[in-house]
Amino acid sequence: MSKNFAAATKERQNRQLPNIRVLNREELAKLMAQLGEPAYRASQLHRWLYSHQALDFDEMTTFGKQLRQKLATSWTIRPASLASAESETLEASPALAPPTAKFLIRLEDGELVESVLIPSEERMTACISSQVGCPLRCSFCATGNMGFRRDLAASEITDQVFLLDAEARKRHERGLSNIVFMGMGEPLLNLDNVFESIATLTEAEYRFSISEKKITISTVGLPAEMERIARSGLKTKLAVSLHSADQSTRERLMPVAIDHPLDRLTEAISSWNALVGQPVTLVYMLLEGINDSPEDARKLVRFAKRVLCKINLIDYNSIVNLRFKPGYSDVKNKLIQQLLDAGLHVTVRKSQGAAINAACGQLATSHRRK
Ligand code: SF4
Numbered sequence: 005m006s007k008n009f010a011a012a013t014k015e016r017q018n019r020q021l022p023n024i025r026v027l028n029r030e031e032l033a034k035l036m037a038q039l040g041e042p043a044y045r046a047s048q049l050h051r052w053l054y055s056h057q058a059l060d061f062d063e064m065t066t067f068g069k070q071l072r073q074k075l076a077t078s079w080t081i082r083p084a085s086l087a088s089a090e091s092e093t094l095e096a097s098p099a100l101a102p103p104t105a106k107f108l109i110r111l112e113d114g115e116l117v118e119s120v121l122i123p124s125e126e127r128m129t130a131c132i133s134s135q136v137g138c139p140l141r142c143s144f145c146a147t148g149n150m151g152f153r154r155d156l157a158a159s160e161i162t163d164q165v166f167l168l169d170a171e172a173r174k175r176h177e178r179g180l181s182n183i184v185f186m187g188m189g190e191p192l193l194n195l196d197n198v199f200e201s202i203a204t205l206t207e208a209e210y211r212f213s214i215s216e217k218k219i220t221i222s223t224v225g226l227p228a229e230m231e232r233i234a235r236s237g238l239k240t241k242l243a244v245s246l247h248s249a250d251q252s253t254r255e256r257l258m259p260v261a262i263d264h265p266l267d268r269l270t271e272a273i274s275s276w277n278a279l280v281g282q283p284v285t286l287v288y289m290l291l292e293g294i295n296d297s298p299e300d301a302r303k304l305v306r307f308a309k310r311v312l313c314k315i316n317l318i319d320y321n322s323i324v325n326l327r328f329k330p331g332y333s334d335v336k337n338k339l340i341q342q343l344l345d346a347g348l349h350v351t352v353r354k355s356q357g358a359a360i361n362a363a364c365g366q367l368a369t370s371h372r373r374k
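For the sequence shown, the positions run 5 to 374 when the working numbering is used.
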């Protein structure tokens with residue numbers, strides 16, 4: 005049998021075997037117990053998969069040949085892979101910051117998600133997805149318009165980080181410093197897998213290891229889940245997409261707000277402040293004629309004064325949905341002044357990646373359309 009034929013046969017057989025990376029830590033422990041192995045073998049297997057990032061059971065040299073064969077008979081190892089990459093040109097990048105790059109990631113069932121690498125002088129940030137599509141259908145969001153396909157497994161979340169870390173090292177000669185769950189999907193609707201992925205990514209002594217404090221979870225504001233994170237003891241940061249402090253405007257922008265009115269959101273943020281001892285970031289995307297009037301600013305001030313928070317104003321990428329337009333800069337400046345006069349902590353972010361539609365679920369959407 006030729007070498008290629010043998011490899012192809014092995015690959016065909018492998019395709020029929022389940023991917024061991026869909027198992028979480030607890031399931032890896034059960035698997036090892038079923039194989040009659042002591043408990044520490046499950047930790048070793050986890051380390052081989054997510055620290056050494058082994059692609060073949062034969063690499064797992066701390067296991068005897070018999071165990072490696074047993075695993076290889078029933079499982080394969082298939083991590084997510086890069087499907088395509090797209091970079092901003094230097095000219096399109098705000099203030100000539102290093103160019104943002106957007107990656108389309110192929111999952112083993114052929115689904116696609118996007119991740120964005122955002123370099124700056126001080127940071128190297130990976131913006132990663134937690135779901136394929138999103139069920140929440142915010143009216144300004146391309147991902148929301150795609151509908152919901154499925155949750156990502158924890159390993160599919162960690163794989164995005166590993167892939168972007170490798171790309172960052174290749175392109176910028178330094179690895180990731182920050183991770184934000186702000187890609188496709190609502191992370192709080194896939195919280196078990198988000199928790200599991202964070203546990204892996206922050207595992208001390210793994211090849212990739214990052215502090216919880218360098219991770220930000222972004223949410224539309226789901227109170228019960230926010231309280232669950234706060235109670236979990238995680239030290240990650242939290243960003244809440246507010247976009248309007250007027251209930252009916254918020255409902256128009258984000259239908260999920262109908263079930264979670266602003267008063268309940270205030271309670272959840274206050275309880276986060278008390279349990280975690282940290283402010284949350286209120287993300288406010290300026291939309292012309294929708295949330296940028298002096299009255300909108302007054303409502304935002306009233307809301308923000310009731311909790312411990314910072315405000316992050318971002319520009320809207322109007323390519324996503326032509327019904328909405330980014331706020332004019334003089335209107336924006338007045339609004340910023342109102343917030344500053346009220347003594348609020350405000351940061352203004354140019355939406356990096358606008359030139360490649362990296363702001364919001366667009367790559368996967370356009371790919372699907374093709
Ligand atoms: S903005 Fe976030 S929560 Fe809303 S539809 Fe888009 S991905 Fe989902």
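Cβ coordinates follow ideal geometry from the N, Cα and C atoms, glycine included.
| Item | Value |
| --- | --- |
| Using a Cβ-Cβ distance cut-off of 8 Å, determine whether residue 54 contacts chain B. | In the structure shown, chain B cannot be found, because there is only a single protein chain. |
| Check whether the region 212-226 touches the region 173-182, taking contact to mean three or more Cβ pairs, one atom from each stretch, closer than 8 Å. | yes |
| If distances are taken between C-alpha atoms only, which option among 86, 141, 102, 150 comes closest to residue 119? | 86 |
| Quick one, are the C-beta atoms of residue 317 and residue 340 less than 8 Å apart? | yes |
| Return the CA-CA distance between residue 22 and residue 76, expressed in angstroms with no decimal places. | 10 Å |
| Find out if the Cβ-Cβ distance for the pair residue 284, residue 273 is shorter than 8 Å. | yes |
| With H, G and I counted as helix, E and B as strand and the rest as coil, what does DSSP make of residue 224? | coil |
| I believe residue 245 touches residue 224 by the beta-carbon criterion, under 8 Å. Please report the beta-carbon distance rounded to the nearest angstrom. | 5 Å |
| Tell me whether the region 128-140 and the region 245-255 touch, counting them as touching only if at least three CB pairs, one residue from each stretch, are closer than 8 Å. | no |
| Could you tell me how far apart the beta carbons of residue 172 and residue 204 are, in whole angstroms, since I believe they sit closer than 8 Å? | Residue 172 to residue 204, Cβ: 18 Å. No contact. |
| Compute the Euclidean distance between the alpha carbons of residue 195 and residue 162, then round it to the nearest angstrom. | 14 Å |
| Considering only their Cβ atoms, is the gap separating residue 138 from residue 152 smaller than 8 Å? | yes |
| Hey, is residue 229 close to the ligand GDP, as in C-beta under 7 Å from one of its heavy atoms? | Questions concerning the ligand GDP fall outside what the structure shown contains, since the ligands it does hold are the ligand SF4. |
| Based on Cα-Cα distance, which residue from 292, 314, 228, 147 lies nearest to residue 264? | 228 |
| Where do the ends of the alpha helix (DSSP H) carrying residue 309 lie? | 298-309 |
| Excluding five sequence neighbours on each side, which residues of the same chain lie with their C-beta closer than 7 Å to the C-beta of residue 54? | 162, 204, 210 |
| Helix, strand or coil for residue 239, going by three-state DSSP, please let me know. | coil |
| Taking only the alpha-carbon atoms, compute the straight-line gap between residue 291 and residue 320 and give it to the nearest angstrom. | 7 Å |
| So what does residue 185 bridge to, in DSSP terms? | 221 |
| Closer than 7 Å: is that where the CB of residue 140 sits relative to any heavy atom of the ligand SF4? | yes |
| DSSP three-state call for residue 123: helix, strand or coil? | strand |
| For a test of the three-state rule: what should DSSP assign to residue 54, helix, strand or coil? | helix |
| Can the beta-carbon of residue 167 be found closer than 8 Å to that of residue 202? | no |
| Can you give me the Cβ contacts of residue 91 inside the same chain, cut-off strictly under 6 Å, excluding the 5 residues immediately before and after it? | 103, 105 |
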